[in-house]
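Structure, as structure tokens:
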Amino acid sequence: MQQAEVQRRGLQYDRRWMLTDAEGNFLSQREFSQLALLQVNIVHGGLLINHKEGKFADLFIGFDVTNGKTSDVNIWEDRCEAVEVSSEANEWFARALGMQAKLVYMPDSTKRLVDNNYATNNEVVSFADAYPLMILGQSSLNDLNSRLDTPVLMNRFRPNLVFTGGVPFYEDSFDSFKIGNVCFKAVKPCYRCILTTINQEDGTKGQEPLKTLATYRSHKNKVMFGQNLVTTNPGIIEKGDRMIVL
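As numbered in my numbering, residues 29 to 274 make up the sequence shown, in order.
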């Protein structure tokens, strides 16, 4: 994206939708790598979802289209209220994934709190794993790729924000920083899982880059790569904005 609105829960529209099973448990690439084959784009009035192999017609999800049916959903240890989008969306995802799935939306009325051990002001989060935003330096990825036989793309790590400049893993030292006029606070290193081993282009699995990262980026028996963030004042950020570490 060329620009985005930073909101309390994260970037506007980011992870406000989630796929669940019939019991309301969230679906993840960790167990269902075929999710990598679904591509989501923001278009006028909503989201356009397509299958990377072109097996299904595109699905349009309007920003304001839900059937009003609410239910509780589970994401990690959290249970919160969501709104089911539509039966048509459920049927599309069931066909595309070859399994039962429901698409739900997080309304503004749902307040899922950031872990109190790391929150600074009772921040809320979307259906993201745990935090509104995550940042990763291009230099850090370059360092990793210099150690791999086959380089990987940045999308393996799904950062909201990528910055250039600085030494590898400069983000480890962040406390507060600004991008344009928007202020951010680093609250916790991002610990990586097997999702990083899934090729986002074709959904195939491997051992890298997690295997190599574990040799030099382990902390408390977990692999650290990137920084989780909260924002202290929402606003607009644009590609090319200068980042100032405070």
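For every residue, glycine included, the Cβ atom is placed at its ideal position computed from N, Cα and C. Because the structure is a prediction, the values reported are computed rather than measured.
Whole-Å CB distance - residue i paired with residue j, under 8 Å assumed
i	j	result
Lys2	Gln67	What the structure shows of the chain is the stretch from 29 to 274, and residue 2 is not part of that stretch, so it cannot be assessed.
Ser174	Phe197	Contact flag wrong, Cβ pair sits at about 13 Å.
Ser114	Met134	Going by Cβ atoms, the distance from Ser114 to Met134 rounds to 16 Å, so no, they are not a contact pair.
Gln255	Cys218	6 Å
Ile264	Gln31	6 Å
Ile222	Leu189	Between Leu189 and Ile222 the Cβ distance is about 23 Å, and since that is not below 8 Å, they are no contact.
Lys213	Leu257	7 Å
In DSSP terms, what residue i is bridged to
i	result
Trp45	Tyr133
Val251	Arg220 and Ser246
Asp106	Ile103
Phe54	Thr48
Met271	Ile207
Ala214	Leu257
Asn78	Gln67
Gly38	Gln35
Phe121	In the DSSP output, where bridge partners are listed per residue, Phe121 has none listed.
Phe88	Leu76
Gly263	Val34
Three-state secondary structure (DSSP) of residue i
i	result
Lys83	coil
Thr225	helix
Ser61	helix
Gln31	strand
Glu112	strand
Lys233	strand
Thr138	coil
Thr98	strand
Thr148	coil
Cα-Cα separation, residue i to residue j
i	j	result
Ala129	Ala50	7 Å
Ser204	Val215	9 Å
Lys250	Asp171	19 Å
Glu112	Asn102	14 Å
Gln166	Pro160	20 Å
Thr48	Leu131	7 Å
Leu75	Phe191	26 Å
Lys233	Arg140	31 Å
Glu266	Glu33	9 Å
Met127	Phe185	25 Å
Lys284	Ser201	Any answer about residue 284 is impossible in this case: the structure gives the chain only from 29 up to 274.
Phe91	Gly194	38 Å
Tyr146	Gln57	26 Å
Ser276	Gly96	Past the boundaries of the shown model lies residue 276; the chain is included only from 29 to 274, so the question cannot be answered.
Val142	Ala122	31 Å
Val180	Gly73	33 Å
Leu39	Gln235	30 Å
Ala156	Ser99	18 Å
Leu55	Thr259	27 Å
Thr243	Glu199	19 Å
Trp104	Arg43	15 Å
Val71	Ala85	16 Å
Phe88	Leu176	38 Å
Glu151	Leu274	21 Å
Gly208	Gln35	14 Å
- Query: In the segment 151-211, which residue ranges form an unbroken beta strand (DSSP E) of at least 3 residues, counting only runs that do not cross its ends?
  - Reply: 161-165, 189-191 and 204-207
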